[in-house]
Amino acid sequence: MLDLSGRIAVVTGASRGIGYFTALELARAGAHVIACARTVGGLEDLDDSIKALGGSATLVPFDLADMNAIDALGGAIFERWGKLDILVANAGVLGTISPIGHVEAKVFEKVMTVNVTATWRLIRSLDPLLQKSDQGRALILTSSLAHRCKPFWGPYSASKAAVEALARTWANEIERLPLKVISVDPGGTRTAMRAQAYPGEDPETLPHPHEVARVIAGLAGPDMNETGKLYLVREQRFAEYTQP
Ligand code: NAP
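Going by our numbering, the sequence shown opens with residue 1, and the numbers climb by one from there.
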């Protein structure tokens, strides 16, 4: 059984969907969860669910577009715990699905800000704290769209390709340290983002986020010793990149 007692975990996008249930699974395993998102109601609902399990959480409502808030998060974690064991960089936005040339500049910029720049700022703010853990684990949520480059998904695809490049670069830089960094592709999951992308799809045909979250939480444990790789949740296996 997954035992994360005494571990401190940051989960972004914890107000709903995959992030909510991943935070819940980490707390169930004994981790103290630092739950981040903008929607206070969603975070409070998570807090109630975690308390009902006998677990504990710290709620940090903020917008990931606020880069100073990301820096402040690192400072606050250092003050209170002096280290961080787990980062689940899960928050993301889809943007619009349309031909590249039709995407509004503000939509493209928002996708890049939330999905890419904020992920880099999280790495920059939290890497020193994760390096203080004897078993640091960073899970960066990606998508098959990073590789598939499907027509009309330009901003989202480009953002996920960038996030995977950040994760791999980070992993290569710290490969001799205990900290492990992987990209995680959850596969199609029954969430608000998926419904936005595929409005005609029957959600019941997709896995519920709690099923996906159980697998993701397992990757934050001591048995996960891979780094710089891509994990496919649906297939429950690591995929090799062609370049080391
Ligand atoms: P979701 O249900 O739409 O949830 C997204 C989460 O991100 C929410 O908690 C949201 O919280 C947070 N978020 C969005 N913008 C934010 C901002 N500006 N500041 C702070 N938090 C923000 O999405 P999901 O389907 O669970 O997706 C989770 C991750 O999995 C994403 O990275 C997504 O790209 C990836 N993924 C999902 C699927 C799928 O089928 N669902 C497939 C492949 C990859 P607030 O709105 O409360 O801020």
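C-beta: ideal position from N, C-alpha, C; glycine also. In this text, all values refer to a predicted model and were calculated from it rather than measured experimentally.
Alpha-carbon to alpha-carbon, residue j and residue i
i      : j      : result
Pro128 : Ile86  : 12 Å
Leu141 : Ala14  : 13 Å
Gly75  : Ala65  : 18 Å
Glu226 : Met67  : 29 Å
Ser125 : Leu84  : 11 Å
Pro222 : Glu25  : 15 Å
Thr96  : His147 : 18 Å
Val181 : Glu175 : 9 Å
Exposure of residue i, with buried meaning 16 or more beta-carbon neighbours within 10 Å
i      : result
Arg121 : buried
Pro155 : buried
Tyr198 : exposed
Cys36  : buried
Ile100 : exposed
Pro209 : buried
Tyr20  : buried
Gly136 : buried
Lys150 : exposed
Lys51  : exposed
Asp48  : exposed
Arg7   : buried
Gly200 : exposed
DSSP three-state assignment for residue i, whether helix, strand or coil
i      : result
Val181 : strand
Tyr241 : coil
Val103 : coil
Ser56  : strand
Pro61  : strand
Gly212 : Here residue 212 turns out to be Val, not Gly, going by the sequence shown. Reduced to three states, the DSSP call for Val212 is helix.
Ile8   : strand
Tyr198 : coil
Ala89  : strand
Arg124 : helix
Leu2   : coil
Leu219 : coil
Ile174 : coil
Leu84  : coil
Residue i: CB within 7 Å of a non-hydrogen atom of the ligand NAP
i      : result
Leu24  : no
Leu141 : yes
Ile18  : yes
Val114 : yes
Pro186 : yes
Leu126 : no
Val93  : yes
Leu64  : yes
Arg38  : yes
Gly13  : yes
Asn90  : yes
Closer than 7 Å: residue i CB and nearest the ligand GTP heavy atom
i      : result
Arg194 : As for the ligand GTP, it is missing from this structure, which binds only the ligand NAP.
Would you say the segment 179–198 touches the segment 226–242, given that touching needs at least three Cβ pairs under 8 Å?
yes
Counting Cβ pairs, one atom from each stretch, are 3 or more of them under 8 Å apart for the segment 33–41 and the segment 165–179?
no
Should the segment 52–60 be called in touch with the segment 24–35, which here means at least 3 C-beta pairs below 8 Å?
yes
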